[in-house]
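Only one structure is covered here, and it is reproduced in the block below.
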Amino acid sequence: MLLITSVLIFILSYCEANGNVIRPDQPSVVLTEGSSINLSCTFDGSAYSLHWYRQMPGSRPEFLLLIVKSTKTKVEASPPHPHMSISLHDNRVDLEISSAAVSDSALYYCALEPTVTGNTKTL
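What the sequence shown shows, in mature numbering (1 follows the signal peptide of the UniProt record, and there is no 0), is residues -17 to -1, 1 to 106, in sequence order.
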């Protein structure tokens, strides 16, 4: 008997703040366990860094990865998630999940950190 286990992933829909907009390319994904998937968000406006988080049912959001737009420097969670990676292509940020497991079923958030503009003096 063949048993196929599904991994269900939801991505937070549209978010806007201070003229910066970030939105997922697809609102939900269903895939089979062991598959790989790219979750993508497109953003408008300025951004210093792009972030990915996930939230398991009944839990608070968990930081996964971020990438600094200007340098493409990547920062991982501690402890890291070795089967997850982040990449940036123009105004799109991708989260690649390789060999997805049922434990990856969650609500995923993409977020951006705006570029600081205006008065940057410390008070």
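All C-beta atoms in this analysis are idealised placements derived from N, C-alpha and C, irrespective of residue type, glycine included.
Give me the Cα-Cα distance between residue 34 and residue 93, rounded to the nearest whole angstrom.
Within the model, the alpha-carbon separation for residue 34 versus residue 93 is close to 6 angstroms.
Look at the alpha carbon of residue 49 and the alpha carbon of residue 18, and state the distance between them as a whole number of angstroms.
Distance between the alpha carbons of residue 49 and residue 18 is about 23 angstroms.
Would you mind listing the beta strand (DSSP E) stretches within the region 2 to 74 that are 3+ residues and don't spill past its ends, in chain order?
Correct list: 3 to 7, 11 to 15, 20 to 27, 32 to 38, 45 to 51, 57 to 59 and 67 to 72.
How would you label residue 87, buried or exposed, when you count the other beta carbons within 10 angstroms and need 16 or more for buried?
Result: buried.
Residue 94: first and last residue of the uninterrupted beta strand (DSSP E) it sits in:
Residue 94 -> beta strand (DSSP E) spans 89 to 96.
Residues in the same chain with beta-carbon distance under 6 angstroms from residue 39, minus the five sequence neighbours each way, listed in chain order, please.
Contacts found: 89.
What number of angstroms, rounded off, separates the C-alpha of residue 25 from the C-alpha of residue 13?
If I take the Cα positions, the gap works out to 20 angstroms.
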